[in-house]
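If you're matching positions, the sequence shown starts at 102 in the working numbering and goes up one per residue. Please read the structure below before turning to the comments.
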Amino acid sequence: MLTLRPEDIRLDCQAADWREALEQAAESLHEAGLVAPAYRDGLFQREAQSSTFLGNGIAIPHGTADSREHVRTTGVRVLQFPSGVEWHDGQHVHVLVSIAAQSDEHLDILRQLTHVLDDDSVGERLATARSATQVAALLSKTVVEARLDAETLCLGFPARDTRELALAGAARLRQLGCVGSEFVATVAERKLTRLGQGLWLANSDRSVEVPALALATPDTRLESEGEAVKGVFCLAGQGDSHRGLLERILALLDSGAAAALPGADAATVLARLAGESATAHTRLARVLNAHGLHARPAKQLVQVARQQGTPIHVRLAEGGGAAVSATSLTKVINLGARRGQQLAFSAEGGNAQAALDAVCRAMADGLGEQVLPFDESRERITPQADAVPAEPLPDDEPHLGVAASPGLAIAPVFVLQTPRFDYPERAADPAEQQRRLQSAIVEGADQLETLEREARGGEVAQILSMHEEILRDPELFEAAREGIQEGRSAEAAWWEAIETAAHAQEMLADRLLAERAADLRDVGRRVLGILCQVSLPEPPEAPYILVTDDIGPSDVARLDTRRVRGLLTARGGATAHSAILARALGIPAVVGAGERVLTLTNGCELILDGERGRVIPAPSAERRAAAEQRLAERQRREAEAWESRFEEARCRDGHRVEVAANLGNTTHAADAVERGAEGIGLLRTEFLFMAHAQEPDLDTQIAEYREALDALGGRPLVARTLDVGGDKPLPYWPVPKEDNPFLGLRGIRLSLTRPEVLETQLRALLMAAAPDAEGTPRPLRIMLPMVKDVGEFRTARTIFERLLVEIPEAERATDVQLGVMIEVPSAALLAPTLAAEVDFFSVGTNDLTQYTLAIDRDHPALSAQADGLHPAVLRLIEMTVAAAHAHGKWVGVCGELASDAMAVPVLVGLGVDELSVSARQVPLVKARLREFNLDEARAQAELALAQATSEAVRDTLEVR
102 MLTLRPEDIR LDCQAADWRE ALEQAAESLH EAGLVAPAYR DGLFQREAQS STFLGNGIAI
162 PHGTADSREH VRTTGVRVLQ FPSGVEWHDG QHVHVLVSIA AQSDEHLDIL RQLTHVLDDD
222 SVGERLATAR SATQVAALLS KTVVEARLDA ETLCLGFPAR DTRELALAGA ARLRQLGCVG
282 SEFVATVAER KLTRLGQGLW LANSDRSVEV PALALATPDT RLESEGEAVK GVFCLAGQGD
342 SHRGLLERIL ALLDSGAAAA LPGADAATVL ARLAGESATA HTRLARVLNA HGLHARPAKQ
402 LVQVARQQGT PIHVRLAEGG GAAVSATSLT KVINLGARRG QQLAFSAEGG NAQAALDAVC
462 RAMADGLGEQ VLPFDESRER ITPQADAVPA EPLPDDEPHL GVAASPGLAI APVFVLQTPR
522 FDYPERAADP AEQQRRLQSA IVEGADQLET LEREARGGEV AQILSMHEEI LRDPELFEAA
582 REGIQEGRSA EAAWWEAIET AAHAQEMLAD RLLAERAADL RDVGRRVLGI LCQVSLPEPP
642 EAPYILVTDD IGPSDVARLD TRRVRGLLTA RGGATAHSAI LARALGIPAV VGAGERVLTL
702 TNGCELILDG ERGRVIPAPS AERRAAAEQR LAERQRREAE AWESRFEEAR CRDGHRVEVA
762 ANLGNTTHAA DAVERGAEGI GLLRTEFLFM AHAQEPDLDT QIAEYREALD ALGGRPLVAR
822 TLDVGGDKPL PYWPVPKEDN PFLGLRGIRL SLTRPEVLET QLRALLMAAA PDAEGTPRPL
882 RIMLPMVKDV GEFRTARTIF ERLLVEIPEA ERATDVQLGV MIEVPSAALL APTLAAEVDF
942 FSVGTNDLTQ YTLAIDRDHP ALSAQADGLH PAVLRLIEMT VAAAHAHGKW VGVCGELASD
1002 AMAVPVLVGL GVDELSVSAR QVPLVKARLR EFNLDEARAQ AELALAQATS EAVRDTLEVR
């Protein structure tokens, strides 16, 4: 198995051409002691025979058969070239996996790398990886880094004996999240190991999350077994990943430096554990190179160190990393030092001071590169705060999260803790373990099929179907099978495969895709539960609000909506599949509310407001009564609204405002009509493109769009053209990685880079909306997303008008309009120029709010401030409406603001002609319109525009 350690990987290498890169590969193998210098010729001879380029930016240089005599030990060294190197066959290489093999082992390594070739994005991710651990995870297994730093030290602890020191170290590791409570309990029970020199060791591998080493020293003189206690180490072991920590302890004992530990500060203790003697001279020097210590500056440093004639060691000043020889290029590079980090140099002997002066001077001069001074005020890296236990939520006080699904719920909470799966890491019979895993996967797939049938279509069924596909992914099973062959149990191998895949998903820049890691873990837990015979605790029979850390989509699908009044999670976002399903099932939900919600006790009463994104635990009698009144009023309004859902949407004085539905799938058009929708105000056509492995052809698109048009029965359809990009990529339309995809190539910008795709979609929409057999027109409105000015609209309109000429009138829509979405502030500011040429505007308040206020509406800390009722957003809407009406054009609003009961009269007062909301909200919005007249709406709009903040707007409107 290709298992890489951080020291096997060099980051930020640079080379002018492939020859220089290959020279570096040869040097890395030699520096590691894997080959003799002559192996270098074998690498070049192999390239002369044929290129070793593998694919996805990876080359695997290895020697010829004749050069195997120069291999001392089989091994691998990986070199990353972020800027890339053009290989001699014209391919672009970002990573060299340099192989020293005594026989044909390189063929096994080649087989192990095939999984990398199946992922087209892996080359770019390897090129941009910022740590050796990331590269290792992409190429093989995730590397676990053991922890030893100032935070794992308990110095000067007031203890009465070695047992209390051991427990202090264990408690510190638990506080840091490295271990669980079982670890602490085991340490309390086990006898300590006496190491000598006044040192003792407590260790365990139970409930270890991260391998780590703590050291506790006494605050006063302490004796045990007739010996003065200098300190107690507490070691959290995990596989082989803690071996380096044991080596630190042995090195400390060999140096005889234990006596100096009591009373020493953290920096001194870490220095001794890093191998620096008490007599060594030390100096700190900051890395000034823009790209850190990559190959060239590292080589300069090594050369300077070698010239000093005295041993020099170096380590990262932060943390507890071991000191390495400054004359070893491989070890210096593997420090992974970045710009701004400090290196601690140490040397002994009479020449030590001069030697340290020389290397620190070379660092300050840039090691052969042009460097700039490091400005701590601008470039300081803020250290992570200490992990502290979550504080319980105070009673009767609002606590904010992310609004994920609208609605109000009042009920006791049921806190569902993530189930604990206990299983052995190792198993002796690989064949039996593989059989158990296959059986569990089949059973899990059967469960998902049953849930999918019970869901009867819609988003729930689609996501469960996707889960079934994940479960049948041969790569997941193959990764688990490899772990089983290495001696792991079926459970351990399966969960490692799931975690590796989920971690890779979480590393993606795109938030939407990163959140799909929850889907992988959901599928993984299903199989793990079958293997471990673990089932979830039974919820109460009475109605309850479910509280959990996070919840998988299949868990949401299983919820009994007759009992579950609401959903509250510590993690997750409004775009996660669990939130999408909560909205589809009509369950009020608040997500991403933080760990403190998990401190709620079962049975504690909670008010959950899915519209405002807030919860109130243990409400007072007055607050509960007010919430009950709101809930009763809401239920009464819902019942009345449903009965009158087919009435034409009008204000109390007869002022007409159309109410349409937002759809993410054409199959839901009939349901929208049944709920009283007077048309479709937003059809997100990207659903069709995302549902196919390749671009859907003309006939496929026509069939999909016509399904919605037929269901509408002459009602208008407003279709948004393809809105994808860096934040919503398509597998067959790769988009270059962007630092901020929301400000990059998306919407109409992306479509215009491939006008043939836009043309096919426009043609399909026009042909799908052709008059029916009786000649009755099918009203079609096409709108373009993310338009910033009239230039983009004109380019798309040219294609649109040409198609109107090319397609015979009998075969295309006759009642058709072309408009734009107002999502970018520039479009609202330039509305007068756009209104002169477009047929209509549709205001996307979600994005317009996000871009106007510079707040990600799904940000867990800021989302509550992303309020569409902010006066700045309202002014942009006012400008848009005024410009449109001046040219006789209509304006719709299709964002979440359109269904906000407080915002509806404001929008009508601003002159909005159409409100498009989720299908479930259609009856309620129609009912809300009947509660006021146009004059009252205009008064509320004026009042809102006069306020300074969104909070002031809501406070003012709430009083009225």
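Glycine residues also receive a C-beta, built at the ideal position from the N, C-alpha and C atoms. Note that the coordinates shown come from a computational prediction; the quantities given were computed from them, not determined experimentally.
Could you have a look at residue i and say whether DSSP puts it in helix, strand or coil?
i: E759; result: strand
i: P513; result: strand
i: E1015; result: strand
i: P183; result: strand
i: M884; result: strand
i: V925; result: coil
i: Q795; result: coil
i: E326; result: coil
i: W991; result: strand
i: H171; result: helix
i: I781; result: strand
i: V472; result: coil
i: G625; result: helix
i: S308; result: coil
i: L764; result: strand
i: H163; result: strand
i: S426; result: strand
Here's the rule: buried if 16 or more other CB atoms are within 10 angstroms of the residue's CB, otherwise exposed. What is residue i?
i: R261; result: exposed
i: D355; result: exposed
i: Q454; result: exposed
i: V198; result: buried
i: S184; result: exposed
i: D209; result: Low per-residue confidence applies at D209: pLDDT is 48, beneath 50, and the placement is therefore not dependable enough to give any value.
i: V1054; result: buried
i: R322; result: exposed
Who does residue i pair with in a DSSP beta bridge?
i: V665; result: Y645
i: C335; result: A303, A315
i: S447; result: T383, H414
i: H500; result: V716
i: D710; result: L509, R715
i: T64; result: The displayed coordinates of the chain run from 102 to 1061. Any statement about residue 64 would go beyond what the structure contains.
i: G920; result: M884
Can you name the start and end residues of the beta strand (DSSP E) that residue i belongs to?
i: C255; result: 254 to 258
i: F154; result: 154 to 156
i: S943; result: 941 to 944
i: S636; result: From DSSP, S636 is part of no beta strand (DSSP E); its letter is neither H nor E.
i: R821; result: 818 to 821
i: H769; result: It is not in any beta strand (DSSP E) - H769 carries neither H nor E in the DSSP assignment.
i: S199; result: 193 to 201
Between which two residues does the alpha helix (DSSP H) containing residue i stretch?
i: G345; result: 344 to 356
i: S852; result: 849 to 852
i: R141; result: 140 to 150
i: R264; result: 263 to 276
i: V223; result: 223 to 229
i: V982; result: 972 to 987
i: V236; result: 233 to 240
i: I585; result: 575 to 586
i: A368; result: 367 to 374
i: G690; result: Before going on, a small fix: residue 690 reads as Ala here, not Gly. No alpha helix (DSSP H) holds A690; the beta strand (DSSP E) holding it covers 690 to 692.
i: S129; result: 119 to 132
So, does the CB of residue i fall closer than 9 Å to a CB anywhere in chain D?
i: F941; result: The structure shown has no chain D; it contains just one protein chain.
At least three beta-carbon pairs within less than 8 Å, the region 1020 to 1034 to the region 767 to 785: For the pair of segments examined, the region 1020 to 1034 was found to touch the region 767 to 785: the number of CB pairs separated by less than 8 Å reaches three.
So, do the region 722 to 731 and the region 692 to 705 have three or more beta carbon pairs nearer to each other than 8 Å? The region 722 to 731, when compared against the region 692 to 705, does not touch it at the 8 Å Cβ threshold.
Would the region 370 to 380 count as touching the region 249 to 258 if we require 3 or more Cβ pairs under 8 Å? Yes, the region 370 to 380 touches the region 249 to 258.
Three CB pairs or more closer than 8 Å across the region 992 to 1012 and the region 1035 to 1044: Using a Cβ-Cβ distance cut-off of 8 Å, the region 992 to 1012 and the region 1035 to 1044 are in contact, since at least three pairs of beta carbons, one from each stretch, lie closer than that value.
Quick test of the definition: if touching needs 3 or more C-beta pairs under 8 Å, does the region 624 to 638 touch the region 591 to 606? Short answer: they touch.
Evaluate contact between the region 899 to 908 and the region 922 to 936, counting only Cβ atoms and requiring at least three cross-stretch pairs below 8 Å. Here the region 899 to 908 does not lie against the region 922 to 936, with fewer than 3 beta-carbon pairs under 8 Å apart.
Tell me whether the region 698 to 714 and the region 733 to 752 touch, counting them as touching only if at least three CB pairs, one residue from each stretch, are closer than 8 Å. In short, these stretches do not touch, since the Cβ pair count stays below three.
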